[in-house]
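Novice:
Protein chains: 2
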Amino acid sequence: MSKPKGFEKPTGFRDYTPHVVTKLRTIERNVLECMERWGYRQIITPTIEYYDTVGVASSTSDRKLFKLLNSRGTTLVLRSDLTAPIARVVSSLLKDEELPLRLSYHANVFRSIEEEAGREAEFFQTGVELVGDDSPEADAEVVALAIASLQAAGVSSFKIAMGHMGFLNGLLEEVIPGQTVQQEQLKEGLLGRDYVGYRQSIEALNLEPKLKEQLEAILRLRGGKEVCTHATELSSSAEAAQSIAHLCAVFEVLEAYGVSEHVLIDLTMIGDFSYYTGMTFEGYAAELGSPVCSGGRYDNLLQQFGRSLPATGFALKTNRIIDGVHGITIEEKKPVRIQYTSECRAEALNEAARLRSIGQNVVTFLLPEDGAETSTTNVGALTGNKSMQAEQVITFGSEKGGKR
Amino acid sequence: MSKPKGFEKPTGFRDYTPHVVTKLRTIERNVLECMERWGYRQIITPTIEYYDTVGVASSTSDRKLFKLLNSRGTTLVLRSDLTAPIARVVSSLLKDEELPLRLSYHANVFRSIEEEAGREAEFFQTGVELVGDDSPEADAEVVALAIASLQAAGVSSFKIAMGHMGFLNGLLEEVIPGQTVQQEQLKEGLLGRDYVGYRQSIEALNLEPKLKEQLEAILRLRGGKEVCTHATELSSSAEAAQSIAHLCAVFEVLEAYGVSEHVLIDLTMIGDFSYYTGMTFEGYAAELGSPVCSGGRYDNLLQQFGRSLPATGFALKTNRIIDGVHGITIEEKKPVRIQYTSECRAEALNEAARLRSIGQNVVTFLLPEDGAETSTTNVGALTGNKSMQAEQVITFGSEKGGKR
Numbered sequence: 001m002s003k004p005k006g007f008e009k010p011t012g013f014r015d016y017t018p019h020v021v022t023k024l025r026t027i028e029r030n031v032l033e034c035m036e037r038w039g040y041r042q043i044i045t046p047t048i049e050y051y052d053t054v055g056v057a058s059s060t061s062d063r064k065l066f067k068l069l070n071s072r073g074t075t076l077v078l079r080s081d082l083t084a085p086i087a088r089v090v091s092s093l094l095k096d097e098e099l100p101l102r103l104s105y106h107a108n109v110f111r112s113i114e115e116e117a118g119r120e121a122e123f124f125q126t127g128v129e130l131v132g133d134d135s136p137e138a139d140a141e142v143v144a145l146a147i148a149s150l151q152a153a154g155v156s157s158f159k160i161a162m163g164h165m166g167f168l169n170g171l172l173e174e175v176i177p178g179q180t181v182q183q184e185q186l187k188e189g190l191l192g193r194d195y196v197g198y199r200q201s202i203e204a205l206n207l208e209p210k211l212k213e214q215l216e217a218i219l220r221l222r223g224g225k226e227v228c229t230h231a232t233e234l235s236s237s238a239e240a241a242q243s244i245a246h247l248c249a250v251f252e253v254l255e256a257y258g259v260s261e262h263v264l265i266d267l268t269m270i271g272d273f274s275y276y277t278g279m280t281f282e283g284y285a286a287e288l289g290s291p292v293c294s295g296g297r298y299d300n301l302l303q304q305f306g307r308s309l310p311a312t313g314f315a316l317k318t319n320r321i322i323d324g325v326h327g328i329t330i331e332e333k334k335p336v337r338i339q340y341t342s343e344c345r346a347e348a349l350n351e352a353a354r355l356r357s358i359g360q361n362v363v364t365f366l367l368p369e370d371g372a373e374t375s376t377t378n379v380g381a382l383t384g385n386k387s388m389q390a391e392q393v394i395t396f397g398s399e400k401g402g403k404r
Numbered sequence: 001m002s003k004p005k006g007f008e009k010p011t012g013f014r015d016y017t018p019h020v021v022t023k024l025r026t027i028e029r030n031v032l033e034c035m036e037r038w039g040y041r042q043i044i045t046p047t048i049e050y051y052d053t054v055g056v057a058s059s060t061s062d063r064k065l066f067k068l069l070n071s072r073g074t075t076l077v078l079r080s081d082l083t084a085p086i087a088r089v090v091s092s093l094l095k096d097e098e099l100p101l102r103l104s105y106h107a108n109v110f111r112s113i114e115e116e117a118g119r120e121a122e123f124f125q126t127g128v129e130l131v132g133d134d135s136p137e138a139d140a141e142v143v144a145l146a147i148a149s150l151q152a153a154g155v156s157s158f159k160i161a162m163g164h165m166g167f168l169n170g171l172l173e174e175v176i177p178g179q180t181v182q183q184e185q186l187k188e189g190l191l192g193r194d195y196v197g198y199r200q201s202i203e204a205l206n207l208e209p210k211l212k213e214q215l216e217a218i219l220r221l222r223g224g225k226e227v228c229t230h231a232t233e234l235s236s237s238a239e240a241a242q243s244i245a246h247l248c249a250v251f252e253v254l255e256a257y258g259v260s261e262h263v264l265i266d267l268t269m270i271g272d273f274s275y276y277t278g279m280t281f282e283g284y285a286a287e288l289g290s291p292v293c294s295g296g297r298y299d300n301l302l303q304q305f306g307r308s309l310p311a312t313g314f315a316l317k318t319n320r321i322i323d324g325v326h327g328i329t330i331e332e333k334k335p336v337r338i339q340y341t342s343e344c345r346a347e348a349l350n351e352a353a354r355l356r357s358i359g360q361n362v363v364t365f366l367l368p369e370d371g372a373e374t375s376t377t378n379v380g381a382l383t384g385n386k387s388m389q390a391e392q393v394i395t396f397g398s399e400k401g402g403k404r
């Protein structure tokens, strides 16, 4: 174990240079403003939570949680998502607010990584939670808002894949009742989009061909609204039927929103959060293989914080949008450079203040005195006006000390 | 040790409700925009750093650092300020950028607290670093920008107290040369503004009355520009003289900025960061006893990251401004409430989209079907239009199912 070098930072952690920050901040502002238009109000929760409350309630596996101990020996975690902390706040600080609650956030979250190349241990999410409404209308609202948010973030070409946990649960319980290990194995295959592995798992089951075919048929349940009809025909489970009816109702509301062209029904899709109970969805940008947003309904999470309420929501994977999507073009305003001799200082600084007050970015610089020693750093600064650091240069007094 | 209850969060950590977030975000945006006008570009650094690099370089005492171990057993810390991380970035990622570098940030920082009432373990700072310029002009720029930033944050009535580490060091070394323990004791008294303790420490010294009087006289070195003259008379140390000359030059530049009315010279003031080497300052709002901003010059910090460069900067204590200063009035836009029957859904959602596109906040709500069961949460939502949740209500279709 070697000591880190002076300028090193831990693996998976990242510095954002000004150009990238400008892009991140633009996306953050546009998306939060969009969410505000839909009546969502921002909240901020702590970076650190108790392991026994929010840590356990989060869907992040234990080994991926960043843990630390406080002075009393209690285990704390760095938040791994915002859904569990917001569930905590809804159950405490906001318990007297009227329902439904519409809340938004932009925050950094933490997942311990095993030093995989390019994986980030800290990254940003921008999302919403809609609490206290179990209707298809509420699910459709968050999907429609996810679409509006992706557009506000500059993602122009994308698809939303929408599924339902209940359909798969119902169908599996119908075909291989009680076989939880096998059910989990099949779900794992779908979660990882490993369809070869999924088929192999089916083959390994001791089932009559008709039932195997029923499980295989799930893989074809991807497409438009017609998928709902096919799905209904595939299963006689009540849970599956209710789920499909709900999903179909959500799709109809999305048609009313005028955004169904962006939405595919995909019953092979399982949200990667263990707390999802109903509709789940993921957004895919044309440029990227991994999702740029994900969301779903979680009707059992809040009761873990003592308040039983249905809820649905989503989060943009903001870092993937910054890094992988070419949507937003950032124009950085180059500052005006005002340079001056000490005799003209007040005049020059006054002009700088005037330009700033009308929205111009300005840097100021005292010219070296005639014949005076100039330090290396000041010479460095002086050569700056040839380069990208400044565009327009305004000089007060003579550079060669003419006024003196 | 009892387990935390379901909805508890660790001591010293805070949830920000929507109203407070609006205030925080307004201050953040106004201040960062102000800094951008002055040519400062935002950077973001990780929440977690190596203890051996940034942790040690920060001015936070060891016991106040939040520490954790990574999977390799290396000690990590949650950042306790942004100055040390930015010094790391300037020495690595930004090492080829032209000088001077002007960088800004808004970030949360962490200090472990011993559960004192009302102390926060995580709080926000909004600040700048100006790197690569050791002139009085640079120090004056950050003081003037601190003043502009406080004004942008809505702090209308405040004073900046400005001192210099070098004056005190020079004077102490002149009067009690080499007596580092006693020097530290006297500095502690000044840092804590414990003037009684400071006088007692002087009394305890084995010194002739004239020298004791010289140390006591420091307490009177607070006021306007005339303090520089009194200070020059008090010490014959070269370091003290140079420091006063620098401070006087900074004050003159602040006069040229037209902001010296806000500035007091206070040579009893010691910045509470151990890395300060030159000019230091603190800002006091009329409403609050504790400073709302602090800053100063730190010419030795960057060499710890392998790049020897002078630097100066400051940070607003953003939480104190949110909580303690009555500057910014936040007007929260109440959303329009559009309610509709299922038959009029498309029409209603279309109107919602139109209102949102012209900057109106809108929430939408499906009216319960005539005679249908309404769930508790939907009834809760319905009663919402009588209260603060919505102001204007637009109904599409009849609440009693008239259109059906």
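Taken in order, these protein sequences are the chains called W and X. For the first sequence, the positions run 1 to 404 when this note's numbering is used. For the second sequence, the positions run 1 to 404 when this note's numbering is used. C-beta: ideal position from N, C-alpha, C; glycine also.
CA-CA distance, Arg417(W) and Thr60(W)?
Specialist: This structure gives no information on residue 417(W), because the portion of chain W shown stretches from 1 to 404.
Novice: Would you call the stretch 332-351 of chain W in contact with the stretch 162-174 of chain W, where contact means no fewer than 3 C-beta pairs closer than 8 Å?
Specialist: no
Novice: Strictly below 8 Å CB to CB, what residues from chain X border Lys23(W)?
Specialist: Your numbering for residue 23(W) matches position 23 in the first sequence. Here the premise fails: no neighbours, minimum Cβ distance about 11 Å.
Novice: Measure the CB-CB distance between Ser112(W) and Val128(W) and report whether it falls below 8 Å.
Specialist: The residue you call residue 112(W) lines up with position 112 of the first sequence. The residue you call residue 128(W) lines up with position 128 of the first sequence. With contacts defined as CB atoms closer than 8 Å, Ser112(W) and Val128(W) fail to qualify as a contacting pair.
Novice: Checking contacts by CB at 8 Å: is Pro10(X) closer than that to chain W?
Specialist: By one-based count along the second sequence, residue 10(X) stands at place 10. At a cut-off of 8 Å between beta-carbon atoms, Pro10(X) makes contact with chain W.
Novice: Cβ of Gln214(W) less than 8 Å from any chain X Cβ?
Specialist: Position 214 of the first sequence, counted from the first residue, corresponds to residue 214(W). The C-beta of Gln214(W) comes no closer than 8 Å to any C-beta of chain X.
Novice: Please list, in chain order, all residues of the same chain as Arg102(X) whose beta carbon is under 6 Å from its beta carbon, the five residues on each side excluded.
Specialist: Taking the first residue of the second sequence as 1, we reach residue 102(X) at position 102. Exclusion of the five residues before and after Arg102(X) leaves Gly39, Tyr40, Leu130 as the residues of its chain whose Cβ lies within less than 6 Å of its Cβ.
Novice: Excluding the 5 residues flanking His230(X) on each side, which residues of the same chain have their C-beta closer than 7 Å to its C-beta?
Specialist: Within the second sequence, numbered from 1, the residue matching residue 230(X) stands at position 230. Around His230(X): Leu221.
Novice: Taking 8 Å as the CB-CB cut-off, is Ser135(X) touching chain W?
Specialist: For this step, residue 135(X) is matched to residue 135 along the second sequence. Yes, Ser135(X) counts as interfacial toward chain W.
Novice: Looking at Arg345(X): is its Cβ nearer than 8 Å to the Cβ of Ala148(W)?
Specialist: Taking the first residue of the second sequence as position 1, residue 345(X) is located at position 345. Taking the first residue of the first sequence as position 1, residue 148(W) is located at position 148. No. Outside cutoff.
Novice: Got a sec? Which residues, its chain only, sit under 7 Å from Arg88(X) by beta carbon, not counting five neighbours each side?
Specialist: Locating residue 88(X) in the second sequence gives position 88, counting from the first residue. Once the five neighbours on either side are set aside, the close Cβ partners of Arg88(X) are Thr53, Val54, Phe305.
Novice: Three or more C-beta pairs closer than 8 Å, one from the stretch 233-247 of chain W and one from the stretch 149-169 of chain W: is that the case here?
Specialist: yes
Novice: Starting from Asp266(X), trace the alpha helix (DSSP H) in both directions and tell me its first and last residue.
Specialist: Taking the second sequence and counting its residues from 1, one reaches residue 266(X) at position 266. Premise fails: Asp266(X) lies in the beta strand (DSSP E), 263-266, not in any alpha helix (DSSP H).
Novice: For Gly306(X), decide whether its Cβ has a neighbour in chain W, counting only Cβ atoms nearer than 8 Å.
Specialist: If you number the second sequence from 1, residue 306(X) lands on position 306. Interface residue, yes.
Novice: So Pro335(X) contacts chain W; which residues on that side make the cut at Cβ distance below 8 Å?
Specialist: Within the second sequence, numbered from 1, the residue matching residue 335(X) stands at position 335. Chain W residues near Pro335(X): Gly39.
Novice: Does DSSP classify Arg14(W) as helix, strand or coil?
Specialist: Position 14 of the first sequence, counted from the first residue, corresponds to residue 14(W). The answer is coil: DSSP assigns Arg14(W) none of H, G, I, E or B.
Novice: Distance, Cα to Cα, Lys386(X) vs Glu261(X)?
Specialist: As a first step, residue 386(X) is located in the second sequence; it is residue number 386 there, counting from the start. As a first step, residue 261(X) is located in the second sequence; it is residue number 261 there, counting from the start. Here the model assigns Lys386(X) a pLDDT of 40, short of 50, so the residue's position is not dependable and the matter cannot be decided.
Novice: Enumerate in chain order the residues of its own chain whose CB-to-CB distance from Phe66(W) is below 7 Å, with the five nearest sequence positions on each side excluded.
Specialist: Taking the first residue of the first sequence as 1, we reach residue 66(W) at position 66. So the list reads Val77, Leu78, Phe110, Ser112, once near-sequence residues are dropped.
Novice: In angstroms, rounded to a whole number, what distance separates the CA positions of Ala315(W) and Gly154(X)?
Specialist: Numbered from 1 along the first sequence, position 315 holds the residue referred to as residue 315(W). Numbered from 1 along the second sequence, position 154 holds the residue referred to as residue 154(X). Distance between the alpha carbons of Ala315(W) and Gly154(X) is about 32 Å.
Novice: Given this structure, state the Cα-to-Cα distance separating Phe158(X) from Val143(X), to the nearest angstrom.
Specialist: Sequence index remark: in the second sequence, residue 158(X) carries index 158 (1-based). Sequence index remark: in the second sequence, residue 143(X) carries index 143 (1-based). If you take the alpha carbons of Phe158(X) and Val143(X), they lie about 13 Å apart.
Novice: Closest by CA to Ser246(W), which one among Ile265(W), Gly258(W), Val259(W)?
Specialist: Counting from one through the first sequence, the residue named residue 246(W) turns up at place 246. First, the amino acid is wrong: residue 246(W) is His here, not Ser. Looking at the Cα atoms, Ile265(W) is the closest of the given residues.
Novice: When burial is assigned at 16 or more other CB atoms within 10 Å of the CB, is Leu69(X) buried or exposed?
Specialist: For the purposes of this step, residue 69(X) is taken as the residue at position 69 of the second sequence. Leu69(X) is exposed by the Cβ-count criterion.
Novice: Between which residues of its own chain and Tyr50(W) is the CB-CB distance below 8 Å, once the five residues before and five after are set aside?
Specialist: As a first step, residue 50(W) is located in the first sequence; it is residue number 50 there, counting from the start. Excluding residues within five positions, the ones whose Cβ falls inside 8 Å are Thr74, Thr75, Leu76, Val77.
Novice: Does the separation of the CB atoms of Glu287(W) and Val325(W) fall below 8 Å?
Specialist: For the purposes of this step, residue 287(W) is taken as residue 287 along the first sequence, with counting starting at 1. For the purposes of this step, residue 325(W) is taken as residue 325 along the first sequence, with counting starting at 1. Cβ distance < 8 Å, so Glu287(W) and Val325(W) count as in contact.
Novice: Tell me the residue span of the beta strand (DSSP E) that contains Thr326(W).
Specialist: Here residue 326(W) refers to the residue found at position 326 of the first sequence. This sequence places His at residue 326(W); Thr is not what is there. Careful: His326(W) lies outside any beta strand (DSSP E) and carries neither H nor E.
Novice: Whose C-beta lies closer than 6 Å to the C-beta of Gly197(W) among residues of the same chain, with five residues either side of it excluded?
Specialist: As a position in the first sequence, residue 197(W) is number 197, starting the count at 1. Within the same chain, Gly197(W) has close Cβ partners Gly189.
Novice: Residue range of the alpha helix (DSSP H) that Ala352(X) falls in?
Specialist: In the second sequence, counting from the first residue as 1, residue 352(X) sits at position 352. Taken as a continuous stretch (DSSP letters only), the alpha helix (DSSP H) holding Ala352(X) covers 345-357.
Novice: Closer than 9 Å between beta carbons: that is the criterion. Which residues of the stretch 351-366 of chain X meet it against chain W?
Specialist: Hits within the stretch, in order: Ala352, Ala353, Leu355, Arg356, Ser357, Gly359, Gln360, Asn361, Val362, Val363, Thr364, Phe365, Leu366.
Novice: Quick check on the DSSP output: the beta strand (DSSP E) that includes Lys159(X) runs from which residue to which?
Specialist: Counted from its first residue, the second sequence places residue 159(X) at position 159. First-last of the beta strand (DSSP E) with Lys159(X): 158-164.
Novice: Does any residue of chain X have a CB that is nearer than 8 Å to the CB of Thr232(W)?
Specialist: Here residue 232(W) corresponds to residue number 232 of the first sequence, with the count starting at 1. Taking Cβ atoms only, chain X never reaches closer than 8 Å to Thr232(W), which makes this a no.
Novice: On the DSSP bridge assignment, give the partners of Asn108(X) in chain order.
Specialist: The sequence position of residue 108(X) within the second sequence is 108, counting from 1. According to DSSP, which records beta bridges pairwise, Asn108(X) is partnered with Phe124(X).
Novice: Check the Cβ-Cβ distances between Glu122(W) and every residue of chain X, and say whether any is below 8 Å.
Specialist: As a first step, residue 122(W) must be located in the first sequence, where it is residue number 122. Yes, because at least one Cβ of chain X sits closer than 8 Å to the Cβ of Glu122(W).
Novice: First and last residue of the beta strand (DSSP E) that includes Arg337(W)?
Specialist: Reading the first sequence from its first residue, position 337 is the one you call residue 337(W). Looking at the DSSP string, the run of the beta strand (DSSP E) that includes Arg337(W) is 336-340.
Novice: Return the chain-ordered ranges of every alpha helix (DSSP H) run that is complete within the stretch 158-237 of chain X and spans a minimum of 4 residues.
Specialist: 165-175, 180-191, 195-203, 209-217, 226-234
Novice: Give me the DSSP bridge partner(s) of Val292(X).
Specialist: Mapped onto the second sequence, residue 292(X) falls at position 292. According to DSSP, which records beta bridges pairwise, Val292(X) is partnered with nothing at all.
Novice: Establish whether the CB of Gln410(W) and some CB of chain X are separated by less than 8 Å.
Specialist: No statement about residue 410(W) is possible, as the shown extent of chain W runs from 1 to 404 and does not include it.
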